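Data first, discussion second: the structure below is written as structure tokens.
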Amino acid sequence: TGSGTLTDRDGRYRLPGLEAGEVEIRVAFLGYATQVRQVTVPGSGQVVLDFLLSEEALSMDGIVVTGTAGQARRREVGNAVAQLDVSRVDQPSGNVDALLQGRIPAVSVTPPAASFGSGASIRIRGNSSAALSNQPIIFVDGVRQSAEAYPLNASSASFPHYGPGARPTPLNDINPADIERIEVVKGPAAATLYGSEASAGVIQIFTKRGTQGGARWTLQSDHSVDWVKPFGSADRPFIGLDPWLRRAYGTRNTLSVTGGVQELRYFVSAGLDGGEGVLPNDADRRRSFRANLNLGARDDLELQLNVGYTKHDLEITHTGNSGMALPFNAFRAPNNSFGSSDPAVLSQLLDAEVWQENERLTYGLSATWAPHPRVTQRLTTGVDRTATISNQLRPLGFPLEPAGAISDIRWVSSTVTTDYLGSVRWWDRDVLASTFSWGGQGSITDESTVDSYGRGFPGPGRQTLSSVAERWVSGSESRVVSGGLFVQNLVGIRDRVFLTGAVRIDGHSTFGRNLGLLVYPKASASWVVSDEAFWPGAGGTLKLRAAYGRAGRAPGAFDAQRTWSAISFGGESAFLPGNVGNPDLGPERSREVEVGFDGAWFDDRLTADLTFYDQVTEDGLVTLAEIPSNGFGGGALVNLGELTNRGLEVAIRATPVVTPSLSWTVGATLATNRSRITDLGGVASGSTEVGQPVGAVRGTRVLNAGAHADPEVERNALFGPSHPTREVGLNTTLELPRGVRLVAAGEYQAGHYIADNASAFMIDRGNGAPACDAAYRLVPFGSDLGSADLSGLNALDRARCYRGSVSGAWVYPADFFKLRELTLVVPVGVVVPAAGNAQLTFSLRNALRWTNRDFGAFDPEMVSSRANTSALNRGITEHAPAPARFVTSIRIGF
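Counting the sequence shown from 1 gives a position; this note's numbering is that position plus 22.
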């Protein structure tokens, strides 16, 4: 009919304005089988038509938005799209990183160490670039967000290692309780319509919308306790950090209300949470607010307004590879910055204050106009504005900077997004249907930084930058503009075979001036085989799919530009050469082929989907050395490289037991990934070589590791990739009588390597490493190896564990398994019959860990100190591992 409506929360609906005669009514709801009924509408009066929906594990008529030109039914989509229905996630998630971790095949979420507030590194199908960020791009309700971490809280005028190891991410500013669902497209075959910034994948977050009916309130209160699981060794538990580690308590409270009428629906929420971290100075406080309004201005026009605000205040303990960091000095005691292992002495480090304020406002307006049943147009525009204030204060008399120092960094980022889409179903017959779509997207991102630093206080007391003896101030500004136009045509044959062709024309301000516009094509096909007449009734549901597409990754804001650096001395200012630039510089361009299937059998009690992908990235960025006599240091980025990235993704879900009072579901996922650098254009690029993985771990390999002999070594040896080549997820849900549920999930990662720099540094500083304690029982650390009896030591211990050891030998496999979740959900009515609409949840996270037997004293998921989320390689530095967590949550609806 071209008309539509929404039900209220009790399932009631009205569909006015239908013409008399035979009409087709289609009912669709996420996670349930779509139903279609024919009904005769009389000339006057009304017809009552009831539907009874049943859950469907694989809905071919479910709606997909991300990676398509507007909405598309799942049966029409020829590429893999992962959807996460947050309402079905039982575990209370403290942030979006935790919500995503281990739930979607090929989406790898690496949590930070115990540094409070740090954001995770997110990789979709591994690393697709050796020079640019591999973080996906993020959209929230259609508005572009930043996926990169906030700037490091360290002034450029001070020693860079004086910054803390924590880097929060804007993604975690979003309250998970406000999210309805998340969609992920994983590569260029699906991300073509996003253009020159989408080759690493796209994550789109949809927040909750209002429902028809009276006001319905929901209160959720989470109470958590975090603790660091033992690390180090039996002889040195926690490597001397235990006097400062603590059980950390936190709360998260969210109150929301939804309701409205068909013409105006609303969802409003407010959140307040805070707590402490496992390190002594770690604490935070967050306030959030969200309001989503849907206005049916006319029968053919709907407006949607989304507003989100977050204010996050952080206090951070100084961590990482820094002489001012607490773990640095605890791990190396007594050979540290103080020459002491006395906790009272090291606690002076806590007099330094490190704090950060992040304030974020996001708002967007979307208008959907359907002037004709076959024509739809949508315009979305929005702004994401983030401001941070980062401060450090080392007071007068601080042991490592007696004169005192202070820094103040102000960073502001604003992204304006505009997205237009038009669509017309220009042909609609029983045999053939075709929908033509057109549109465009554009974004403008402005960033500015003011960095102020000073040292030398006149006396004790609270100080400001105006009171210091020496001051430095610097600033920077940048603007990045991107935009593109696209057209797409979707052809459906008998509503079971679908062919899609699309092309996007893209421009970007970071391209060299000689480059011009780029073209990204896309083609896909899907075939719902199970809808064919020859398919047996007991054959279940099966869709075959294939897709091809191109997307890109644009260079940095100034990579193509010739730049100059301003300097001043003695009251005079001048310029020095900066970046040489490249007028022909363009994006890294990736093409991908993807094939697979989605299936469900035995009344949806067994579902499976499989995807194979093969990516090739052309025009990879490589640094070409510049002739020194030209005056420009470093080199110019050029598009000469090529790399490949391929893998397999499998997800299986089975429900072997279903009774009226009990059901048991088990699931498993597998993701493999293999990347290779295939061409560098003949340019030498440091340790990067043709044939190695994208993100490779190199070090010194001990060739006779197990032999009781002096080590034979291979220096600068390639161990393997820094990203896992195999990821396996296991999950199970047991549904018991009266709504009680028990959920468990684990994740295994393997095939990758990590460098343990923290242990290497402890050896270099004359302290010994905990991973070598067994060797030290035979030959104590500090012994004269020339006269000691080394017959009990193997070659690996001799290479690693003593002063003067072989450099680079601390590399080992990073294989691990973690119990990500163990959750019990109990409706409160089970224990308090009068409390109907309330439930209790008890959840344990990351409480069990297994590592490779060759692994050392830390945690294989640790991220290098001060590393951005876009860092190519991971490494272990002076941090405590990420903590385990237990959460008790109560949710009440009224």
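By construction, the Cβ of each residue, glycine as well, lies at the ideal position given by its N, Cα and C atoms.
These numbers come from a predicted model, not from an experiment.
Going by the CB atoms, is the gap between residue j and residue i shorter than 9 Å?
i	j	result
P543	T273	no
F880	P903	yes
L325	T390	yes
M884	R875	no
P302	W249	no
N194	G124	no
D641	P609	yes
A313	V290	yes
S218	S429	no
G419	P482	yes
L154	R451	no
Rounded to the nearest angstrom, how far is the Cβ of residue i from that of residue j, given a contact under 8 Å?
i	j	result
S12	L512	In the structure as shown, the chain starts at 23 and stops at 916, and residue 12 therefore has no counterpart that could be examined.
R825	W832	At roughly 14 Å, the Cβ-Cβ gap does not stay under 8 Å, so R825 and W832 are not in contact.
N695	S150	Actually they do not touch by this definition, with Cβ atoms about 10 Å apart.
G164	S388	6 Å
A152	T710	6 Å
Q510	G209	Not confirmed; about 18 Å, so no contact.
G669	A630	Going by Cβ atoms, the distance from G669 to A630 rounds to 17 Å, so no, they are not a contact pair.
Quick check: what's the CA-CA separation for residue i versus residue j?
i	j	result
D624	F508	For the sequence presented, residue 624 should be read as Phe rather than Asp. Roughly 41 Å separates the two Cα atoms.
E680	Q105	Note that residue 680 corresponds to Val in the displayed sequence, not to Glu. Roughly 25 Å separates the two Cα atoms.
E554	R518	8 Å
T332	N175	19 Å
T522	S445	14 Å
F634	S255	42 Å
T56	G562	16 Å
T23	P395	Annotation note: pLDDT 46 at T23 (below 50); position unreliable, coordinate value reported separately. Each residue's Cα considered, the two are about 7 Å apart.
H245	R97	42 Å
H730	C794	16 Å
Y271	L368	24 Å
N380	I431	12 Å
V541	R572	9 Å
V660	L348	42 Å
A782	Y172	29 Å
L740	S548	41 Å
R748	D837	9 Å
T917	V502	Residue 917 lies beyond the stretch modelled for the chain, which goes from 23 to 916, so this question has no answer here.
T384	R613	33 Å
T910	H530	48 Å
G297	L277	18 Å
L40	V61	11 Å
A212	V103	8 Å
G689	E757	14 Å
Please classify residue i as buried or exposed, where buried requires at least 16 other C-beta atoms within 10 Å of its C-beta.
i	result
N536	exposed
I196	buried
V724	buried
A491	exposed
R36	exposed
N358	buried
A128	buried
N738	exposed
P746	buried
E671	buried
F916	exposed
P38	exposed
V162	buried
L336	buried
D364	exposed
N859	exposed
E616	buried
E594	exposed
S109	exposed
Problem set entry | Whole beta strand (DSSP E) elements within the region 542–599, 3-residue minimum | With a minimum length of 3 residues, the unbroken runs of beta strand (DSSP E) contained wholly in the region 542–599 fall at 563–575, 586–591 and 594–599.
Problem set entry | In chain order, each beta strand (DSSP E) run of at least 3 residues that lies wholly inside the region 714–738 | 718–724, all fully within the region 714–738.
For this session: Could you pull out every unbroken alpha helix (DSSP H) segment of at least 4 residues lying fully inside the region 432–457, listed in chain order?
Result: For the region 432–457, there is no continuous alpha helix (DSSP H) assignment of 4+ residues that stays within its boundaries.
Problem set entry | Secondary structure, beta strand (DSSP E): runs of 3+ residues fully inside the region 468–549 | Here the runs fully enclosed are 492–515 and 519–530.
Exercise. What residue ranges within the region 195–276 form continuous beta strand (DSSP E) runs of no fewer than 3 residues, ordered along the chain?
Worked result: Within the region 195–276, the complete beta strand (DSSP E) runs of at least 3 residues are 201–207, 224–229 and 235–249.
Exercise. Hey, which unbroken runs of the beta strand (DSSP E) at 3 residues or more fall wholly within the region 146–183?
Worked result: DSSP runs (the beta strand (DSSP E)) wholly in the region 146–183: 159–162 and 165–167.
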